[in-house]
Structures are given as structure tokens and as C-alpha cells.
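Trainee: Protein chains in written order, with the working numbering: chain A, 148 to 260; chain B, 13 to 126.
As C-alpha cells, this is what we get:
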């Protein structure tokens, strides 16, 4: 089944403790992206990647890192999480074509205390 | 830059009522337009899309027509069901701007009551 898989679904951590949220897609998509969703703010893009070893900042990259060593994986790294990074995070992927829709994972709800 | 404006929610309707969620956009190129739906506890999934002016996207009884003259892509359904309760996002992809980024509206929460 074609899908984007994020793990974990729920994560509670403390300020400053490094964490990684994994994202994997099995559709051979070139494009992958991370979003955070907050009430009243909608979806905001954190980072994106248009191919292996190519990553770019989105609208809200501060406090996050990503890597794209393989086409299928695009982990999101929080080196030193802070409470303002408490949010619902989504990974998404697509082909690069104009009409290609994004496929989303089911989300990771992160709480930083 | 590109932007998407959709009507603020929440929207509460009775079952079998008509639904319209307004969406307007600004874009530098000739964007493709999308509606995504997010059911409780899930990620977003594509509901329908339209890639050029006057195209009509449709799926699950929902429709939206790409109106270039009014820069709009309003979502409509003639008779909503309780199972349509979700958050709906309008979005555009403007490759004419030199990227493949998707720009989202802020979402409209729809609740349908029996």
C-alpha cells in the first residue's frame, strides 16, 4: 500500500532532550516536506527536500534540522526542543510534477514540557 | 507571494444541508488548485484538484471549479452527511514561481449534526 509513515504518533519529552521523528515513503517520491499544524495558524512548512542530499528551509525552520540521505526517508530532528515546539507535525511527499498532490502521514503529536 | 484565503470556521450544518466553503487565491503563475480534507486524528488527504481555468474537480459528492477571473476555488456539496465532519484546506501549487511548494489556507472546520 502506498503510504507515508511517521513515527512515533505521540511523543512527550522535556526541554532540551534531543529527539528525532522519522518519516518514510514507499512511492519513490522526489519531494518530501515537514509541516507543523497549530490552532489558528493552519499548516506551516518547516523544511522540504526536492531530492536526495537537497534540503531547503520552509517558513518556520528555526529549531529544526532535517536530512535526506536516502530517497525514502526524511527525518525531522529537534536538537534542543522547547515548549513552543509543542505541536502536531506532518510529513508529506509527492512527485515533482505541477499537478502532483501531496501524500501525508498520519501525524506526530509532540509535547515538550 | 502566493496566498490562499478561505472562509473562517467553524461551520455547523444539519445533515442534508448544502455546503459552500469559499476559497480565493493570489499567485504569480498559473497554479494548480487543491482541496484537502483532514478527518479527526488523521493526516490530510486529497479530496479533489483542478489544474487549469474552468476545470471542475469532483470527488465524494464534493465539487469545486477553478475560476481564473475571480481567482476562486469554492468547495460545494449539495447534501452533507455526518461523515463529512472534518477540517477542509484549500491549497495551491504554483510551479511558475520556480518551486513545487504547496501554499495552504488556514482550514475550515465543518461539523455536521444529525
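A virtual CB, placed ideally from N, CA and C, is assigned to each residue, including glycine.
Is residue 168 of chain A closer than 8 Å to residue 222 of chain A when the C-beta atoms are compared?
Mentor: Yes.
Trainee: Within 8 Å of any Cβ in chain B, is that where the Cβ of residue 252 of chain A sits?
Mentor: Closer than 8 Å: yes.
Trainee: Determine the contact status of residue 232 of chain A and residue 242 of chain A, defining contact as a CB-CB distance below 8 Å.
Mentor: Going by C-beta atoms, residue 232 of chain A is not nearer than 8 Å to residue 242 of chain A.
Trainee: Rounded to a whole number of angstroms, what is the C-alpha to C-alpha distance between residue 89 of chain B and residue 28 of chain B?
Mentor: Approximately 9 Å between the Cα atoms of the pair.
Trainee: Name the residues in the stretch 213–240 of chain A whose C-beta lies less than 7 Å from a C-beta of chain B; which are they?
Mentor: Cβ contacts with chain B: 237.
Trainee: State the start and end residues of the unbroken beta strand (DSSP E) segment that holds residue 204 of chain A.
Mentor: Residues 201–204.
Trainee: With a CB to CB cut of under 7 Å and the five nearest residues on each side skipped, what residues in its chain are close to residue 94 of chain B?
Mentor: These residues qualify, in order along the chain: 27, 124 and 126.
Trainee: Is residue 98 of chain B closer than 8 Å to residue 46 of chain B when the C-beta atoms are compared?
Mentor: No; because the gap between Cβ atoms is not below 8 Å, this pair is not in contact.
Trainee: Can you give me the Cβ contacts of residue 208 of chain A inside the same chain, cut-off strictly under 7 Å, excluding the 5 residues immediately before and after it?
Mentor: Once the five neighbours on either side are set aside, the close Cβ partners of residue 208 of chain A are 193 and 194.
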